[in-house]
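Please read the structure below before turning to the comments.
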Amino acid sequence: MSQHLASIVWQRGEQVFSDNQYSRAHEWQFDGGLRVPASSAPSSVPLPMSVAENVDPEEAVVAALASCHMLFFLAFACKKGYIVDHYEDHPVGTMEKNERNRLYLANIVLQPKVTFSGDSQPDQAAINALHELSHDHCYIANSLKANVVIKPL
Numbered sequence: 000m001s002q003h004l005a006s007i008v009w010q011r012g013e014q015v016f017s018d019n020q021y022s023r024a025h026e027w028q029f030d031g032g033l034r035v036p037a038s039s040a041p042s043s044v045p046l047p048m049s050v051a052e053n054v055d056p057e058e059a060v061v062a063a064l065a066s067c068h069m070l071f072f073l074a075f076a077c078k079k080g081y082i083v084d085h086y087e088d089h090p091v092g093t094m095e096k097n098e099r100n101r102l103y104l105a106n107i108v109l110q111p112k113v114t115f116s117g118d119s120q121p122d123q124a125a126i127n128a129l130h131e132l133s134h135d136h137c138y139i140a141n142s143l144k145a146n147v148v149i150k151p152l
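So this is what it looks like as structure tokens:
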């Protein structure tokens with residue numbers, strides 16, 4: 000069993016808190032020393048209380064899913080003898096209301112575009128099989144309630 004740790008830090012500073020106009024800007028700190036500016040999504044808390052330039056939790060989940068899927072895809076492609084030159088994805092997460100009328104990430108669409116080189120070139124069926132295998136093994140996909148769709152480009 001492995002653990003994955005992060006620290007989330009927010010401070011009120013000089014802001015009035017009771018008026019609900021406080022900044023949602025905060026920082027994610029990771030064990031390797033990386034610090035990531037974070038905020039609520041402007042769609043959840045309007046500007047200027049949110050910071051549009053910062054990472055919000057919803058887009059972080061979408062990025063984490065796409066990253067995890069890609070890492071498994073690269074590993075499985077390598078095991079099959081394929082050479083991947085470039086992998087690019089522009090995933091999209093969609094919020095909807097659940098049965099309790101609460102917003103959640105209902106759908107995440109991965110749109111990976113992969114470029115291969117070398118003598119062994121996978122056909123579309125082999126690429127689709129690699130994506131299915133990657134999705135089946137992806138830690139993040141196995142942790143989510145969201146419907147995940149993979150549409151290779």
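Quick note on numbering that gives the first Met the number 0: the sequence shown kicks off at 0 and runs consecutively.
For glycine and all other residues, C-beta sits at the position ideal for the given N, C-alpha and C.
Beta-carbon proximity list for residue i, same chain, < 6 Å, skipping 5 on both sides
i, result
"V148", "V108"
"R34", "E26 and Q28"
"L46", "none"
"A40", "D55 and E57"
Chain-order list of residues whose beta-carbon lies under 8 Å from that of residue i (same chain, five-residue window excluded)
i, result
"Q20", "Q14 and M48"
"I126", "V113 and P151"
"E95", "L102, Y103, A105 and N106"
"V61", "P90, V91, G92, L104 and I107"
"L143", "V60, L64, L104 and I107"
Cβ pair residue i, residue j closer than 8 Å
i, j, result
"G92", "S119", "no"
"H85", "C137", "no"
"S38", "D55", "yes"
"A63", "I139", "yes"
"E162", "K112", "Because the chain is modelled from 0 through 152, residue 162 falls outside the range shown and cannot be assessed."
"Q110", "H89", "yes"
"R23", "V44", "yes"
"S17", "F72", "no"
CB-CB length for residue i against residue j, believed under 8 Å
i, j, result
"A76", "L129", "6 Å"
"L104", "A145", "5 Å"
"I82", "G117", "4 Å"
"D30", "L70", "With a Cβ gap of about 18 Å, D30 and L70 do not count as contacting."
Sequence-distant residues of its chain with Cβ nearer than 7 Å to residue i (five each side left out)
i, result
"M0", "none"
"L6", "Leu is not the amino acid found at residue 6; the sequence shown has Ser there. Correct list, in chain order: Q28."
"N53", "A24, P36, A37 and S38"
Residues sharing a beta bridge with residue i, DSSP
i, result
"M94", "L104"
"W9", "Beta-bridge pairing links W9 to no other residue."
Length-filtered (4 minimum) alpha helix (DSSP H) runs lying within the segment 43-92
56-78
Just list the alpha helix (DSSP H) runs in the segment 101-144, keeping only unbroken ones of 4 residues or longer that don't cross its boundaries, in chain order. 123-136
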